[in-house]
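Number of protein chains: 2
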Amino acid sequence: MMTRIAFIGFGVVGQGLAEILLEQKDELKENYGFEYSVVAVSDKMKGAIYNENGLDLQKLLDVVKSTGKVDDYTEGTRGWDSLKTITETNANLIVEVSWTDIKTGEPAISHIKAAIKCHKHVVMTNKGPIALAARELLSMAKTNGVEIRFEGTVLSGTPALNLGVYNLASSKITKVAGIVNGTTNYILTEMEKGLSYEEALKQAQELGYAEADPTADVEGFDALGKIVILTNVVMGGMLTKDQVPCQGITNITSQDIQDAKQEGKRWKLIAGAELKGDGSVEAYVRPEKIPLNHPLAAVSGPINALTYTTKYLGDVTIIGPGAGREATGYALLTDILDIHRKAVR
Amino acid sequence: MMTRIAFIGFGVVGQGLAEILLEQKDELKENYGFEYSVVAVSDKMKGAIYNENGLDLQKLLDVVKSTGKVDDYTEGTRGWDSLKTITETNANLIVEVSWTDIKTGEPAISHIKAAIKCHKHVVMTNKGPIALAARELLSMAKTNGVEIRFEGTVLSGTPALNLGVYNLASSKITKVAGIVNGTTNYILTEMEKGLSYEEALKQAQELGYAEADPTADVEGFDALGKIVILTNVVMGGMLTKDQVPCQGITNITSQDIQDAKQEGKRWKLIAGAELKGDGSVEAYVRPEKIPLNHPLAAVSGPINALTYTTKYLGDVTIIGPGAGREATGYALLTDILDIHRKAVR
Numbered sequence: 000m001m002t003r004i005a006f007i008g009f010g011v012v013g014q015g016l017a018e019i020l021l022e023q024k025d026e027l028k029e030n031y032g033f034e035y036s037v038v039a040v041s042d043k044m045k046g047a048i049y050n051e052n053g054l055d056l057q058k059l060l061d062v063v064k065s066t067g068k069v070d071d072y073t074e075g076t077r078g079w080d081s082l083k084t085i086t087e088t089n090a091n092l093i094v095e096v097s098w099t100d101i102k103t104g105e106p107a108i109s110h111i112k113a114a115i116k117c118h119k120h121v122v123m124t125n126k127g128p129i130a131l132a133a134r135e136l137l138s139m140a141k142t143n144g145v146e147i148r149f150e151g152t153v154l155s156g157t158p159a160l161n162l163g164v165y166n167l168a169s170s171k172i173t174k175v176a177g178i179v180n181g182t183t184n185y186i187l188t189e190m191e192k193g194l195s196y197e198e199a200l201k202q203a204q205e206l207g208y209a210e211a212d213p214t215a216d217v218e219g220f221d222a223l224g225k226i227v228i229l230t231n232v233v234m235g236g237m238l239t240k241d242q243v244p245c246q247g248i249t250n251i252t253s254q255d256i257q258d259a260k261q262e263g264k265r266w267k268l269i270a271g272a273e274l275k276g277d278g279s280v281e282a283y284v285r286p287e288k289i290p291l292n293h294p295l296a297a298v299s300g301p302i303n304a305l306t307y308t309t310k311y312l313g314d315v316t317i318i319g320p321g322a323g324r325e326a327t328g329y330a331l332l333t334d335i336l337d338i339h340r341k342a343v344r
Numbered sequence: 000m001m002t003r004i005a006f007i008g009f010g011v012v013g014q015g016l017a018e019i020l021l022e023q024k025d026e027l028k029e030n031y032g033f034e035y036s037v038v039a040v041s042d043k044m045k046g047a048i049y050n051e052n053g054l055d056l057q058k059l060l061d062v063v064k065s066t067g068k069v070d071d072y073t074e075g076t077r078g079w080d081s082l083k084t085i086t087e088t089n090a091n092l093i094v095e096v097s098w099t100d101i102k103t104g105e106p107a108i109s110h111i112k113a114a115i116k117c118h119k120h121v122v123m124t125n126k127g128p129i130a131l132a133a134r135e136l137l138s139m140a141k142t143n144g145v146e147i148r149f150e151g152t153v154l155s156g157t158p159a160l161n162l163g164v165y166n167l168a169s170s171k172i173t174k175v176a177g178i179v180n181g182t183t184n185y186i187l188t189e190m191e192k193g194l195s196y197e198e199a200l201k202q203a204q205e206l207g208y209a210e211a212d213p214t215a216d217v218e219g220f221d222a223l224g225k226i227v228i229l230t231n232v233v234m235g236g237m238l239t240k241d242q243v244p245c246q247g248i249t250n251i252t253s254q255d256i257q258d259a260k261q262e263g264k265r266w267k268l269i270a271g272a273e274l275k276g277d278g279s280v281e282a283y284v285r286p287e288k289i290p291l292n293h294p295l296a297a298v299s300g301p302i303n304a305l306t307y308t309t310k311y312l313g314d315v316t317i318i319g320p321g322a323g324r325e326a327t328g329y330a331l332l333t334d335i336l337d338i339h340r341k342a343v344r
């Protein structure tokens, strides 16, 4: 069964996935019976190309890398926008990696709904749609007999969501808490080495761990989106972002960092959620002082981690990257592979 | 589709699973469409009972807890040995939790083969069979159209195997290293608090973290079985135990522990495996001094952890319990649930 893929968006993450797909083509076929053809790419800036018989992915990547556009790739139909690409190509799986507004979740939400309505699976990494509309989209997908997957929205390719939803199914998760933002963890780690907050932020920006406008990371908004996803998808909650108290790291001083050291603790930006007695879930994002003997205290630099508290296992923690081209491309691959493995049983 | 379960062995682990199955009966049906009936229990010491219409699991547990045998449970056929129970009952899934010799893997291997040959799925926690014959058994199962599962053999219910085999599929794992034995990790942690090896061992025995004869744990043999499983099942190796150099913790002194502290390190018993250039895998069990900034260094007491080194994600670490009645019972539940989820797609 051939998986025919259309990319909506073809930036860093999309290209990262394309490279992994190319690299793994033979192994995926041999190990999982997974065969694919990329039939379309539609990107607002780079242009669009569609060939129902499949694109030469290496050639396309070369063109995009050297020219910044798909225009020099000529074998196919040009210029189809995202919705036309989703609904009218012969793709059966959409990779939704467009530039999307995290507040509104658009245009990704529209893309996802369009795909679901014409019975196409969707894999994605944008937090916006899932943080805003997880239940609605999952329910729509189920009704339409397709899968939507979004492992990359929390801890990137580190399988934090799959761990909670699949591997820890029925373990009776009562709590989740973690370090889900690499930018702030990097800054806090550097402050422990003696840098001021401003120095650490500047260094993070130089290394690509922080954006030119770092607000979403340092004010905790990125972590907020992720804990809403975890709450609603893993813990059965129904929270919206405005129901979650959110405090970032901008008030933490070098003195605070030193004081914590004296106490045998480390400041971490923690995103957490807890099941209450009445079955509802409460969530939060805030800095916390973590004792050194807690697994989360061992997490330094841009690395992320998540601890699930369960009835049968106590605490289970996963630690790994939370961002990055390859890590996020890999997240999409696991989503695609999971959909394939479900389909072939 | 009703899952009809036969227990081969009904000791601590078997009863742990039975309790979880009882507790979760409604949720398993509601969340996963999973329905079960326990039709038979066959235990060398406790006796055997079979009822094709299903046993009253609560009643059976009460009988076993108060009398140590199944004899007072009368509604059914008595006395069928393990092989007869496997081959002649109407069970379609065998829970193989018998007392088994870790060196020979028997009688578990015979049980597993008998089940596979009559097309019954098997879930298990005994390391012996998988450490000795993973490939053969997996291949037999595939040929016969059934599943064998053994999450509980490594890190108990902490899903270390599922993480490596499923969630990290195609991530290009080149190395695995971890703390896979809780007894020795507990002893080393206590030695760091100032106890001698002998004092720490005695305390471990009192708390149930070490056996009366602790050889298998302290000499590294338990870790050895687990790293062979990891090597062969996750990393495509074909090792036997005698090909793996194995050194336990019996030579570590209080002075060694203190010296490590001075160096900013902790002694840990590490089980590891690495992919070599020629595609073969080398494995080992040995004490190592781990720097404090490595996630494995944060793992204290009887807790276990495993780090997978991958191409696309770098290091991914999972931390959680490595033993225990509930944790191991839960491992079996995840195996059973996975088989069910595969069957219903």
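Note that the protein sequences, when read in sequence, are chains A and B. Numbering of the first sequence is given in numbering that gives the first Met the number 0, commencing with residue 0 and proceeding in unit increments. Numbering of the second sequence is given in numbering that gives the first Met the number 0, commencing with residue 0 and proceeding in unit increments. In this text, a Cβ means the ideal position worked out from N, Cα and C, and glycines have one as well.
So G263/B packs on K240/B, CB below 8 Å; how close in whole Å?
If you number the second sequence from 1, residue 263/B lands on position 264. If you number the second sequence from 1, residue 240/B lands on position 241. At roughly 34 Å, the Cβ-Cβ gap does not stay under 8 Å, so G263/B and K240/B are not in contact.
Do L268/A and A222/A have their C-beta atoms closer together than 8 Å?
Here residue 268/A refers to the residue found at position 269 when the first sequence is read from its first residue. Here residue 222/A refers to the residue found at position 223 when the first sequence is read from its first residue. Result yes, Cβ atoms of L268/A and A222/A sit closer than 8 Å.
V179/A - DSSP class collapsed to helix/strand/coil
Translated into positions along the first sequence, residue 179/A becomes position 180. Looking at V179/A - three-state DSSP - the assignment turns out to be coil, as it is neither helix nor strand.
Which of the residues in the region 24-56 of chain A, read from start to end, lie with their CB under 7 Å from any CB of chain B?
E26 and L27
Check for me: the beta strand (DSSP E) holding K267/B runs from which residue to which?
As a position in the second sequence, residue 267/B is number 268, starting the count at 1. It spans K264 to L274 - the beta strand (DSSP E) in which K267/B sits, taken as one unbroken run.
Mapping DSSP to helix, strand and coil, what is V37/B?
The residue labelled residue 37/B in the question sits at position 38 within the second sequence. Residue state, collapsed to three classes: strand.
Nearest candidate by alpha-carbon position, reference N52/B, set A39/B, V121/B and L331/B
On the second sequence, residue 52/B is found 53 positions in, with the first residue counted as 1. When each option's Cα is compared against that of N52/B, the closest is A39/B.
Does the Cβ of D258/A have 16 or more other Cβ atoms within 10 Å, making it buried, or fewer, making it exposed?
The count along the first sequence starts at 1 and reaches residue 258/A at position 259. So D258/A counts as exposed.
Determine, using beta carbons only, whether L332/A comes closer than 8 Å to chain B.
The count along the first sequence starts at 1 and reaches residue 332/A at position 333. Judged by the 8 Å Cβ criterion, L332/A is in contact with chain B.
Taking 8 Å as the CB-CB limit, is A297/B close to chain A?
Translated into positions along the second sequence, residue 297/B becomes position 298. So, interface residue.
Going along the region 246-271 of chain B in order, which residues come within less than 7 Å of chain A, judged by CB to CB distance?
none
Does the Cβ of P290/A have 16 or more other Cβ atoms within 10 Å, making it buried, or fewer, making it exposed?
Here the question's residue 290/A lines up with position 291 in the first sequence. Burial call: exposed.
Between the CA atoms of C245/B and Y165/B - distance to the nearest angstrom
Indexing the second sequence from 1 puts residue 165/B at position 166. Indexing the second sequence from 1 puts residue 245/B at position 246. Spanning the two alpha carbons is a distance of roughly 28 Å.
Count the other C-beta atoms from every protein chain shown that fall within 10 angstroms of the C-beta of K58/A, then say buried if there are 16 or more, exposed otherwise.
As a first step, residue 58/A is located in the first sequence; it is residue number 59 there, counting from the start. Exposed, since its Cβ has fewer than 16 Cβ neighbours within 10 Å.
Which of the three DSSP states, helix, strand or coil, is assigned to T173/B?
As a working note, residue 173/B is residue 174 in the second sequence. Note: T173/B maps to strand in three-state DSSP.
How big is the Cα-Cα spacing for T306/A and I178/A?
As a position in the first sequence, residue 306/A is number 307, starting the count at 1. As a position in the first sequence, residue 178/A is number 179, starting the count at 1. Going from the Cα of T306/A to the Cα of I178/A covers about 9 Å.
List the whole-angstrom C-beta distance separating G181/A from A322/A, where the pair is believed to meet the contact cut-off of C-beta under 8 Å.
Along the first sequence, read from residue 1 onward, the residue named residue 181/A stands at position 182. Along the first sequence, read from residue 1 onward, the residue named residue 322/A stands at position 323. So it is a contact: roughly 5 Å between Cβ atoms.
Can you find a C-beta in chain B that's less than 8 Å from the C-beta of T152/A?
Looking up residue 152/A in the first sequence gives position 153. Closer than 8 Å: no.
Under 8 Å, Cβ to Cβ, is there at least one residue of chain A near N161/B?
The residue given as residue 161/B occupies position 162 in the second sequence. Answer yes: the Cβ-Cβ gap between N161/B and chain A drops below 8 Å somewhere.
Does the beta carbon of D221/B sit closer than 8 Å to a beta carbon anywhere in chain A?
Stepping through the second sequence from its first residue, residue 221/B is reached at position 222. False, the Cβ-Cβ gap to chain A never drops below 8 Å.
Rounded straight-line distance, which links the Cα of D334/A to that of E150/A
Within the first sequence, the letter at position 151 stands for residue 150/A. Within the first sequence, the letter at position 335 stands for residue 334/A. Approximately 7 Å, taken between the alpha carbons.
Is L92/B helix, strand or coil when you go by DSSP?
Translated into the one-based positions of the second sequence, residue 92/B becomes position 93. Reduced to three states, the DSSP call for L92/B is strand.
Which residue's Cα is closest to the Cα of G300/B: G207/B, V121/B and D100/B?
Along the second sequence, one-based indexing puts residue 300/B at 301. If we check each option's Cα against that of G300/B, G207/B comes out closest.
Nearest-angstrom Cβ-Cβ length linking R324/A and G15/A, presumed shorter than 8 Å:
One-based indexing of the first sequence puts residue 324/A at position 325. One-based indexing of the first sequence puts residue 15/A at position 16. Going by Cβ atoms, the distance from R324/A to G15/A rounds to 4 Å, so yes, they are a contact pair.
Contact check, A282/A vs V227/A under 8 Å by CB: the rounded distance?
As a first step, residue 282/A must be located in the first sequence, where it is residue number 283. As a first step, residue 227/A must be located in the first sequence, where it is residue number 228. That belief holds up - the Cβ atoms of A282/A and V227/A are roughly 7 Å apart, short of 8 Å.
Cβ-based neighbour list, V153/A, same chain, cut-off 7 Å, excluding 5 preceding and 5 following
As a first step, residue 153/A is located in the first sequence; it is residue number 154 there, counting from the start. Counting only Cβ-Cβ distances below 7 Å, and skipping sequence neighbours, we find A159, L160, V179, K225, I228 and L229.
Which same chain residues, not among the five before or five after S81/A, have their C-beta less than 7 Å away from its C-beta?
Stepping through the first sequence from its first residue, residue 81/A is reached at position 82. Correct list, in chain order: I7, S41, S97, P106 and H110.
Return no unless some Cβ of chain A is closer than 8 Å to the Cβ of D277/B.
As a working mapping, residue 277/B is identified with position 278 in the second sequence. No, D277/B does not count as interfacial toward chain A.
Within this structure, are the beta carbons of Y72/B and V62/B separated by less than 8 Å?
As a first step, residue 72/B is located in the second sequence; it is residue number 73 there, counting from the start. As a first step, residue 62/B is located in the second sequence; it is residue number 63 there, counting from the start. Against a cut-off of 8 Å, the Cβ pair of V62/B and Y72/B comes out as a contact.
Please classify D216/A: is it buried, with 16 or more other beta-carbons within 10 angstroms of its beta-carbon, or exposed?
Stepping through the first sequence from its first residue, residue 216/A is reached at position 217. So D216/A counts as buried.
Does V354/B get closer than 8 Å to chain A when you measure Cβ to Cβ?
Because chain B in this structure spans residues 0 to 344, residue 354/B falls outside the shown range and cannot be described.
Among F9/A, G13/A, E34/A and F33/A, nearest to G46/A - alpha-carbon criterion
The residue labelled residue 46/A in the question sits at position 47 within the first sequence. Cα-wise, what sits closest to G46/A is F9/A.
Beta-carbon proximity list for L295/A, same chain, < 8 Å, skipping 5 on both sides:
For the purposes of this step, residue 295/A is taken as residue 296 along the first sequence, with counting starting at 1. A176, G177, I178, K267, I269, I289, A304, T306 and T316.
Would you verify that the beta carbon of G319/B is, or is not, closer than 8 Å to some beta carbon of chain A?
Walking along the second sequence from the start, residue 319/B turns up at place 320. Yes, G319/B lies at the interface with chain A (some Cβ there is under 8 Å from its Cβ).
Return helix, strand or coil for K116/B, following the three-state DSSP convention.
Sequence index remark: in the second sequence, residue 116/B carries index 117 (1-based). Helix.
Give me the Cα-Cα distance between K24/B and N30/B, rounded to the nearest whole angstrom.
Start at 1 with the first residue of the second sequence, and residue 24/B comes out as number 25. Start at 1 with the first residue of the second sequence, and residue 30/B comes out as number 31. Taking the straight line from one Cα to the other gives about 10 Å.
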